[in-house]
């Protein structure tokens, strides 16, 4: 670093005239007129907002500000000026961060991020990063809309984008944004909740609650949810959430604990940002077991809405579990969770035990579709693994899957169960593929 180079925390603003090259080919004189108008307005407005026009380049400009608030106000003033004839179609992007100044040259990742954000913008809009948003969010006069997280070209970390809202400004639809990157779904892994109950045998209950939450979140189209086998591999692991997030390839992790005592249950849920390890959400739910289905949906709705807010999506009605999710009797659900715990051991002995538990659950509530689906999985597993004769397991597996579908034809688990019957027991590949397609159509994120 030379003696002339200095490091400074600044807000970087890139502006660019859209369609300049095309306009030069069509009407060179008019294109130059618009470019000159743009330069004139920048030289006029940037100093008024205590900024500096660092560089003009072709059809764009790089400006620097010591205040994020003044930078955003300047960007809004520029776009308002360009609404007056002759209209100049300009897109603007801003980011706050550390930059290196060397005379008229400016370097650093913050400069690159601002440039990438500008490339996402549209004429008449002012887009900026989450760092700029953090600096301006307490200014009531500045109205902002979250557009969600994006991956920017050559930028390693995800960047949350925001748009300034004003009658004179354009606010782009996140789905329609074009630029040098792509918008990501919010990815999440649900780790097994820790059993904090006095009785260690209640582990089946905490594991079951975790899996039910995972399956409910998987029904949200806006999210990518890690499969159970991947996330439950970290059960009991004393590992930093940032490390787990990197291994699972997710940007958020849901963890928590369950304490069950008598008819009371306390569930603590924490949503963690794996980039920095900080909490995005933390809540404790104290309920009776009679409310267990409601509290599961409440937790998943809270988490879903928190993530949707970060994605810039409208908090639409939460997609609760299908009608097959909630049995009529609590003890039927308790037996179902015990069966689920055994099924997830993936051994012939445990699968046989699970069959007995699912049957007990169904004796109490014959209309519990999910219990029928998992009963089918168990029969298929025992038949496909050679532990039971196919002629014995196939009829039971098929009957249970079809019963689940007859009770709830929107339950993707039931389609998966029937697909497995066709695939591994009667070797009907064509029928299996059609049924799996139906399951994917219902829930593309299914972890089944």
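Residue numbers (my numbering): 1 to 448.
Yeah, the Cβ is synthetic: ideal placement off N, Cα and C, and Gly gets one too.
Three-state secondary structure assigned by DSSP to residue i
i: residue 442; result: helix
i: residue 49; result: coil
i: residue 286; result: strand
i: residue 250; result: coil
i: residue 259; result: strand
i: residue 316; result: With a pLDDT of 47 at residue 316, under the threshold of 50, the modelled position of this residue cannot be trusted; read the value that follows with caution. Residue 316 falls in the coil class under three-state DSSP.
i: residue 229; result: helix
i: residue 323; result: Any reading at residue 323 needs caution, since the residue's pLDDT is 40, under 50, leaving its predicted position unreliable; the model's value is listed next. Of the three classes helix, strand and coil, the one that applies to residue 323 here is helix, per DSSP.
i: residue 15; result: strand
i: residue 224; result: strand
i: residue 368; result: coil
i: residue 38; result: helix
i: residue 434; result: helix
i: residue 237; result: coil
i: residue 196; result: coil
i: residue 276; result: coil
Continuous beta strand (DSSP E) stretch holding residue i: start and end
i: residue 269; result: 264-273
Nearest-angstrom beta carbon gap, residue j and residue i [assumed within contact, 8 Å]
i: residue 132; j: residue 72; result: 7 Å
i: residue 300; j: residue 213; result: 5 Å
i: residue 341; j: residue 207; result: 6 Å
i: residue 78; j: residue 42; result: 7 Å
i: residue 64; j: residue 50; result: No, residue 64 and residue 50 are not in contact; Cβ-Cβ is about 10 Å, not under 8 Å.
i: residue 365; j: residue 329; result: 5 Å
i: residue 171; j: residue 94; result: Actually they do not touch by this definition, with Cβ atoms about 15 Å apart.
i: residue 118; j: residue 145; result: Incorrect: roughly 18 Å between the Cβ atoms, too far for contact.
i: residue 302; j: residue 283; result: 6 Å
i: residue 373; j: residue 414; result: 5 Å
i: residue 193; j: residue 258; result: 5 Å
i: residue 368; j: residue 327; result: 4 Å
Residues sharing a beta bridge with residue i, DSSP
i: residue 43; result: Answer is none; residue 43 lacks a bridge partner.
i: residue 6; result: 101
i: residue 281; result: 271
i: residue 127; result: 93, 163
Residue range of the unbroken alpha helix (DSSP H) whose run includes residue i
i: residue 424; result: Looking at the DSSP string, residue 424 is not in any alpha helix (DSSP H), and its letter there is neither H nor E.
i: residue 338; result: 330-343
i: residue 449; result: The requested residue 449 does not occur in the structure, where the chain is confined to residues 1 to 448.
i: residue 359; result: 348-364
i: residue 21; result: 20-26
Going along the chain, which unbroken runs of the alpha helix (DSSP H) with 4 or more residues stay wholly within the stretch 53-121?
Segments of the alpha helix (DSSP H) lying fully in the stretch 53-121: 68-81, 109-120.
Unbroken beta strand (DSSP E) runs of length 3 or more, entirely within the stretch 129-194: which are they?
Segments of the beta strand (DSSP E) lying fully in the stretch 129-194: 143-152, 159-165, 181-183, 186-190.
Within the stretch 381-412, ranges of the beta strand (DSSP E) (whole runs, at least 3 residues)
Complete beta strand (DSSP E) runs here, min 3: none at all.
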